[in-house]
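Enquirer: Counting along the sequence shown from 1, when you hit position 77 you're at 76 in numbering that gives the first Met the number 0, and nothing is skipped either side. Handing you this structure, nothing more for now.
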Amino acid sequence: MNLLAASTCCVNNAGVFGDGGEISDRALGVYTAVFWSSVVLGLIVTGLLVYAFIKFRRRSDDDDPAQFHGNTKLEIAWTLVPLATFLSLFGLTAVNMPFINNQNAATKYTVTVIGQQFSWTFDYGTTSSGSRIRSFGTLYMPENEFVELNIVSTDPPCNVTPTASSENTLAQELANEGCGVNHSFYAPSLGQQMNAIPGDVNNAPLEARQGTYYGQCTELCGIGHAQMTFVVVALPANQFQSCVFGNPNGSIDATSAACKLGGS
Ligand SMILES: [Cu+2]
């Protein structure tokens, strides 16, 4: 266990029950409500069944068990109680879905996430001289801030030389190639998962508290699928700025102090 911890080093936030950010908080809140409602309902139904089995069992061959057909009170109860339960859980989910799915209006940064066999590239835009600002295998984010992800797939023989300066146009250029296989961006402890489909641009918001989070491809995409992991690093806002946009030639130096948390 220690060996495992040492080899994965700093990425402890790999589970679906993580509290990496507001999206995962909301998803976990809905999940917890649904889970415990199911547990309580399951116990009540099991209890009633066992009670009915014992109390109303047929005691002898010529004994007719108690009949409940036509019992209006019972029928109203077992229609209304499940209906109210399902409607309230549906309401809870529906109220939280827009928050989880759609933060476009509030985002300052857009990052194009490019899935390819078998790695992830993150594109943040261009420098003033037109060089692309990219990181490979690590997505840098400002902490506590929603970032809009444009998620695309592009595998060989796609050969895109992007000309776009805006992230949205870039994502569309990549998607227009329309070749490759399906991938899926999944950061479990940040509560976000979105497919990367050839020909499509899929959008998803991502938000994280300061920290390092594990991510992986969750669409079986070929022989190297298992290696298609990535890391999300959420940095303080000024550190994010100098890590990603601080170098005039557009390169992101993962070993620089700006790109590391806690100076490690
Ligand atoms: Cu994959």
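Cβ coordinates follow ideal geometry from the N, Cα and C atoms, glycine included. These figures come from a predicted structure and were not determined experimentally.
Spatial neighbours of L260 within its chain, please: C-beta separation below 6 Å, excluding the five flanking residues on both sides.
Expert: Within the sequence shown, residue 260 is the residue found at index 261, counting from 1. Closer than 6 Å at the Cβ level, and outside the excluded window around L260, lies no residue.
Enquirer: Locate the alpha helix (DSSP H) running through N100, then write down its first and last residues.
Expert: As a first step, residue 100 is located in the sequence shown; it is residue number 101 there, counting from the start. Unbroken alpha helix (DSSP H) run through N100: T71 to N100.
Enquirer: Apply the 10 Å Cβ neighbour rule to M96 and answer buried if 16 or more other Cβ atoms are within range, or exposed otherwise.
Expert: Translated into positions along the sequence shown, residue 96 becomes position 97. Exposed, since its Cβ has fewer than 16 Cβ neighbours within 10 Å.
Enquirer: Check whether the Cβ of M193 sits closer than 8 Å to any heavy atom of ligand 1, and report yes or no.
Expert: In the sequence shown, the residue the question calls residue 193 occupies position 194. Checking every heavy atom of ligand 1 against the Cβ of M193, none is found closer than 8 Å.
Enquirer: Near R57, what residues of its chain come up, given a Cβ to Cβ distance below 6 Å and the 5 sequence neighbours on each side ignored?
Expert: For the purposes of this step, residue 57 is identified with residue 58 of the sequence shown, where counting begins at 1. Counting only Cβ-Cβ distances below 6 Å, and skipping sequence neighbours, we find P64.
Enquirer: What do you reckon, is the C-beta of C178 under 8 Å from a heavy atom of ligand 3?
Expert: The model depicted lacks ligand 3 and carries ligand 1 instead.
Enquirer: Quick check: does the Cβ of G20 come within less than 8 Å of any heavy atom belonging to ligand 1?
Expert: Sequence index remark: in the sequence shown, residue 20 carries index 21 (1-based). Answer for G20: no, Cβ out of range of ligand 1.
Enquirer: If A163 and V151 are in contact, beta carbons under 8 Å, what's the gap, nearest whole angstrom?
Expert: By 1-based counting over the sequence shown, the position of residue 163 is 164. By 1-based counting over the sequence shown, the position of residue 151 is 152. Going by Cβ atoms, the distance from A163 to V151 rounds to 12 Å, so no, they are not a contact pair.
Enquirer: Give a yes or no on contact between the segment 107-126 and the segment 37-56, applying the rule of three or more CB pairs nearer than 8 Å.
Expert: The answer is no - the segment 37-56 does not touch the segment 107-126, with fewer than three Cβ pairs under 8 Å.
Enquirer: Tell me the DSSP secondary structure of P204 in three-state form.
Expert: By one-based count along the sequence shown, residue 204 stands at place 205. In the structure shown, P204 sits in a strand (DSSP, three-state: E or B).
Enquirer: Please report how far the alpha carbon of I132 lies from the alpha carbon of D122, in whole angstroms.
Expert: For the purposes of this step, residue 132 is identified with residue 133 of the sequence shown, where counting begins at 1. For the purposes of this step, residue 122 is identified with residue 123 of the sequence shown, where counting begins at 1. Distance between the alpha carbons of I132 and D122: 6 Å.
Enquirer: Which term fits F85, buried or exposed, when burial requires 16 or more other beta carbons within 10 angstroms of its beta carbon?
Expert: The residue labelled residue 85 in the question sits at position 86 within the sequence shown. Exposed, since its Cβ has fewer than 16 Cβ neighbours within 10 Å.
Enquirer: If you compare alpha carbons, which of H182, T211, S188 and G177 is closest to G198?
Expert: Position 199 of the sequence shown holds residue 198. Among H182, T211, S188 and G177, the Cα nearest to that of G198 belongs to G177.
Enquirer: Is T217 near ligand 1, going by C-beta to nearest heavy atom under 8 Å?
Expert: Counted from its first residue, the sequence shown places residue 217 at position 218. Indeed, a heavy atom of ligand 1 lies less than 8 Å from the Cβ.
Enquirer: Applying the 10 Å Cβ sphere with the 16-neighbour rule, what's the burial state of G190?
Expert: Translated into the one-based positions of the sequence shown, residue 190 becomes position 191. So G190 ends up on the buried side.
Enquirer: Which stretch, first to last residue, makes up the beta strand (DSSP E) that contains F239?
Expert: Looking up residue 239 in the sequence shown gives position 240. Note, F239: premise wrong, no beta strand (DSSP E); alpha helix (DSSP H) at A236 to F244.
Enquirer: What would DSSP say about H182, mapped onto helix, strand or coil?
Expert: As a working mapping, residue 182 is identified with position 183 in the sequence shown. Here H182 sits in strand by DSSP.
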